[in-house]
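Residue 0 is where the sequence shown starts when you use numbering that gives the first Met the number 0, and the numbers rise one by one after that.
All C-beta atoms, glycine included, are put in the ideal place defined by N, C-alpha and C.
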Amino acid sequence: MTIAQQAENKAKNAVLGSPQEEQFFKTGQQTRTVAELVDYIQALTTEIQELYCLDQIPWVVGYSGGKDSTATLQLIWNAIAELPVEKRKKTIHVITTDTLVENPVVSVWVRKSLEKMRVTAKEQKMPIEPHLLQPEIKETFWVSLIGKGYPTPRGKFRWCTDRLKIHPSNHFIRDVVRVNGEVILVLGTRKAESIKRAISMEKHQAGSLKDRLVSDSSLPTSQLYHSASLPNSLIYSPIEDWRTDEVWIYLNQWQNPWKYSNKNLFTMYRGATADNECPLVVDTSTASCGDSRFGCWVCTIVSKDKSMEAMIQNDEEKEWMQPLLDIRNELDNRDDRDKRDFRRIWGEVQLFERHVDGEVSIEPIHGPYTKYWREHWLRRLLEAQTQTRRTAPENMRDITLITLEEMSEIRRIWLEDKHEFDDSLPRIYQEVTGEEFQDPRPGADYSLLGRDEWIVLEEICEGDAMHLELMAKLLDTERQYRKKTRRVGIYDTLEKCFNTSSRSPEDAIKNARLKRELSEAVSQGDVAKVKQMTLGDVTAMDKLDEAENAQQVTWASMKFSKKNTEE
0 MTIAQQAENK AKNAVLGSPQ EEQFFKTGQQ TRTVAELVDY IQALTTEIQE LYCLDQIPWV
60 VGYSGGKDST ATLQLIWNAI AELPVEKRKK TIHVITTDTL VENPVVSVWV RKSLEKMRVT
120 AKEQKMPIEP HLLQPEIKET FWVSLIGKGY PTPRGKFRWC TDRLKIHPSN HFIRDVVRVN
180 GEVILVLGTR KAESIKRAIS MEKHQAGSLK DRLVSDSSLP TSQLYHSASL PNSLIYSPIE
240 DWRTDEVWIY LNQWQNPWKY SNKNLFTMYR GATADNECPL VVDTSTASCG DSRFGCWVCT
300 IVSKDKSMEA MIQNDEEKEW MQPLLDIRNE LDNRDDRDKR DFRRIWGEVQ LFERHVDGEV
360 SIEPIHGPYT KYWREHWLRR LLEAQTQTRR TAPENMRDIT LITLEEMSEI RRIWLEDKHE
420 FDDSLPRIYQ EVTGEEFQDP RPGADYSLLG RDEWIVLEEI CEGDAMHLEL MAKLLDTERQ
480 YRKKTRRVGI YDTLEKCFNT SSRSPEDAIK NARLKRELSE AVSQGDVAKV KQMTLGDVTA
540 MDKLDEAENA QQVTWASMKF SKKNTEE
């Protein structure tokens with residue numbers, strides 16, 4: 000019996016052990032039979048071996064623990080393992096990026112896989128080195144959202160992908176290029192994933208491997224692609240034209256070379272499908288559990304985290320993840336302007352035209368989350384972490400939703416960048432966990448200003464939030480410059496405090512509107528209006544708001560009116 004016949008019989012005998020799993024492999028309208036797939040895999044094996052031995056350009060394999068990247072790495076591993084040991088000299092780096100907000104089940108799976116990979120590679124004398132990459136602390140999800148106050152990611156403000164995924168991997172790849180001059184990236188991208196992916200791959204084609212290899216195989220060879228963002232980097236995607244069912248056939252008929260369970264991977268995908276089944280696939284419109292997607296559990300780019308919902312629904316042992324799903328759903332508020340500052344993160348009021356029901360209004364672009372809501376998200380996150388550590392299975396009891404280093408950076412941002420010297424993070428941490436916060440940052444617990452001074456300041460400002468913010472900024476700016484030998488720049492910093500925090504929200508927005516009108520008048524060449532607005536002849540404008548302004552009394556107006564009276 001040939002290898003192809005053996006593989007085909009295995010596929011028919013439901014190796015995975017359940018009717019649903021057997022159904023998954025019964026696909027209609029296939030362009031490749033199992034026998035043809037076996038031949039194609041053998042051709043790919045030869046192709047990979049020739050490309051590996053062709054030069055000294057190092058390889059970097061992207062591995063996420065999902066089906067496509069697992070199949071790709073398995074192809075590479077099996078092909079190189081067939082080479083004599085003396086030819087396995089070129090290092091193959093396997094990189095995985097842990098965003099620190101990955102689905103906890105998937106995160107544990109990937110970490111264990113990397114460890115198994117490291118041990119097995121050493122045993123088999125394979126030139127494979129696994130690397131677990133992480134974003135810089137200053138760029139993590141919680142430092143950005145809770146520390147800096149970034150609103151949850153949206154389609155038009157997708158700040159998370161670059162910081163959490165692209166930057167760590169690109170930094171590693173650039174280091175490899177810096178040492179070796181070039182790199183070949185081996186990725187599990189497939190054209191069948193989406194039309195957008197297929198178009199992108201066609202756009203960046205760099206030519207066929209036939210131009211590089213000496214193989215006379217009649218089977219088509221893979222394409223190489225230019226990296227759109229990484230110079231001196233070529234992308235090799237050996238499974239670019241594979242269908243989802245072919246990926247699963249390969250994973251379940253060929254043994255995992257680093258001795259990790261592909262069957263458990265399939266089970267994890269099936270558990271992330273709403274009905275916990277792998278349906279009969281008859282055409283490309285039929286969904287399968289093989290199309291399940293795992294990502295960050297906090298992701299608000301998608302409308303729902305269907306994979307986590309399905310995991311909780313299908314497995315009682317995963318109900319401990321419900322607090323995470325609750326936080327994710329709470330973060331996914333499409334209109335969260337009431338939770339955010341009326342100014343951008345740098346303190347400036349910016350306006351935009353809002354179109355609602357055919358009406359146009361000029362409104363401020365809301366910026367970062369306010370102090371109250373940043374503290375709220377920290378509390379909710381620590382509560383979820385405390386709860387899951389009590390209810391999760393034994394192997395998940397050490398789950399960390401936010402690291403100590405992240406909290407230290409959040410505390411630094413609140414104290415130094417936002418001038419919130421009440422230092423609320425250690426207090427919130429102790430209230431939720433019952434433990435004292437141990438900040439790893441040297442000198443973090445030393446400060447001239449603290450919660451007592453903040454409370455006094457709150458009483459003085461009598462509920463005027465902008466007055467409190469301005470006073471806090473001025474006091475803390477003086478504190479920050481206090482120890483400097485040369486206080487160069489202090490006046491500019493103090494002036495910035497006044498520019499961003501000396502007006503009430505209403506006055507700041509009104510001032511931004513006046514600036515906008517002036518800019519429009521200049522661009523339109525309306526000389527009369529420009530003169531009116533720049534020479535102080537704003538009587539007509541004042542009359543429009545006279546009734547409203549008569550009712551407004553702020554700390555600034557009281558202070559300066561009192562000064563004028565005394566004079």
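Got a sec: does the ligand FAD put a non-hydrogen atom nearer than 8 Å to the Cβ of Val301? For the ligand FAD, the structure offers nothing, since it holds no ligand at all.
Presumed contact (8 Å Cβ cut-off) between Thr71 and Leu186, rounded CB distance: 7 Å
Which residue or residues does DSSP assign as beta-bridge partners of Thr95? Leu131
Rounded Cβ spacing between Ser500 and Glu468 (contact assumed at less than 8 Å): 5 Å
Starting from Glu358, follow the beta strand (DSSP E) in both directions and report where the run begins and ends. 358 to 363
Ignore the nearest five residues each way along the sequence and tell me which others in Thr119's own chain have a CB closer than 6 Å to its CB. Trp257, Lys258
Tyr235: first and last residue of the uninterrupted beta strand (DSSP E) it sits in: 232 to 235
By the three-class DSSP mapping on this structure, what secondary structure does Ser291 have? Confidence at Ser291 is low in this model, with a pLDDT of 49, below 50, so the placement of that residue should be treated as unreliable; the coordinate-derived value is given next. Ser291 falls in the coil class under three-state DSSP.
Beta-carbon within less than 7 Å of Pro167's beta-carbon, same chain only, minus the 5 sequence neighbours each way: which residues are those? Thr96, Leu132, Gln133, Pro134
Beta bridge counterpart(s) of Phe171 as assigned by DSSP: The partner list for Phe171 (beta bridge, DSSP) is empty, contrary to what the question assumes.
Run through the DSSP bridge pairs and tell me what Leu350 is partnered with. Pro363
Among Tyr224, Thr387, Glu430, whose alpha-carbon lies nearest the alpha-carbon of Asp325? Thr387
Distance CB(Asp170)-CB(His130) smaller than 9 Å: Reading off the sequence shown, one finds His at residue 170, where the question assumed Asp. Contact flag unset, no.
Would you mind listing the alpha helix (DSSP H) stretches within the stretch 444 to 505 that are 4+ residues and don't spill past its ends, in chain order? 450 to 460, 464 to 481, 489 to 500
Evaluate contact between the stretch 484 to 496 and the stretch 317 to 332, counting only Cβ atoms and requiring at least three cross-stretch pairs below 8 Å. no
Helix, strand or coil: how does DSSP classify Phe156 here? strand
What are the uninterrupted segments assigned as alpha helix (DSSP H) that are 4 or more residues long and contained completely in the stretch 23 to 77, given in chain order? 33 to 53
Do Trp141 and Ile401 have their beta-carbon atoms positioned less than 9 Å apart in this structure? yes
Find the nearest neighbour of Gly366 within the set Phe341, Arg327, Thr160, judged by alpha-carbon distance. Phe341
With which residues is His418 paired in a DSSP beta bridge? Bridge partners of His418: none, in fact.
Please classify His466 as buried or exposed, where buried requires at least 16 neighbouring CB atoms within 10 angstroms. buried
Which residue's Cα is closest to the Cα of Ala391: Leu323, Phe351, Leu43? Leu323
For Tyr224, which three-state DSSP category applies? strand
For Gly346, collect the residues of the same chain with a Cβ closer than 8 Å to its Cβ; drop the 5 residues on either side in sequence, then sort them by chain order. Lys495, Asn498, Thr499, Ser500
Please list, in chain order, all residues of the same chain as Arg389 whose beta carbon is under 6 Å from its beta carbon, the five residues on each side excluded. none
Measure the alpha-carbon distance for Asp491 versus Ala511 and round it to whole angstroms. 21 Å
Would you report the Cα separation of Arg515 and Val348, rounded to the nearest angstrom? 11 Å
Arg481 beta carbon less than 9 Å from that of Arg440: no
Beta-carbon spacing of Ser236, Val176 below 9 Å: no
Do the CB positions of Leu424 and Met395 come within less than 9 Å of each other? no
Could you give the DSSP three-state label for Glu101: helix, strand or coil? strand
Cut-off 6 Å between Cβ atoms - residues of its own chain near Trp241, not counting five sequence neighbours on either side: Arg189
Does the beta-carbon distance from Ser226 to Asn102 come in below 9 Å? no
Helix, strand or coil: which one does DSSP assign to Leu543? Note that Leu543 has pLDDT 43, beneath the 50 cutoff, so the model's placement of it is unreliable and no number is given.
Alpha carbon of Leu43 to alpha carbon of Met125, nearest angstrom: 19 Å
What does Tyr259 pair with, by DSSP beta-bridge criteria? BP columns for Tyr259 are empty, so no partner.
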